[in-house]
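Under the working numbering, think of the first position of the sequence shown as -18, with each following residue one higher.
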Amino acid sequence: MMIPLAQVNAVLGASIIMIAAALGIGGVCAVGLTCMARQPEIQPKLQTAMIIGAAFIEGATLFALVICLMKG
């Protein structure tokens, strides 16, 4: 039983997308926590900015994932 190359490419693309999204959100959170540790008074503004940034990363990830899986 052979697996079509398009499905293999879709799975590889989805894997790369998910890894990149995890690294992006991890980077946002790491920098945000570092900033909050240095200046605790900016936590509310920074937390809002972190959530918005993570939402943009997730939105782009889901869009790319759907495109990748539609091609497969």
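Note that CB positions come from ideal geometry on N, CA and C, so glycine has one too.
Quick caveat: nothing in here was measured; it's all calculated off a predicted structure.
Proximity below 8 Å, CB of residue i to CB of residue j
i       : j     : result
Ile6    : Cys16 : no
Ile(-3) : Leu46 : no
Residue i in three-state terms, based on DSSP
i        : result
Pro25    : helix
Gln(-12) : helix
Met(-1)  : helix
Ala17    : Just to set this straight, residue 17 is Met in the shown sequence, not Ala. In this structure, Met17 counts as helix in the three-state DSSP scheme.
Met31    : helix
Met51    : helix
Own chain residues within Cβ distance below 7 Å of residue i, not counting five before or after
i       : result
Gly(-6) : Cys49
Ile33   : none
Lys52   : Ala(-13), Ala(-9)
Leu27   : Gly13, Cys16, Met17
Chain B contact for residue i (CB, 8 Å cutoff)
i    : result
Ala1 : You won't find chain B in this structure, because it holds only one protein chain.
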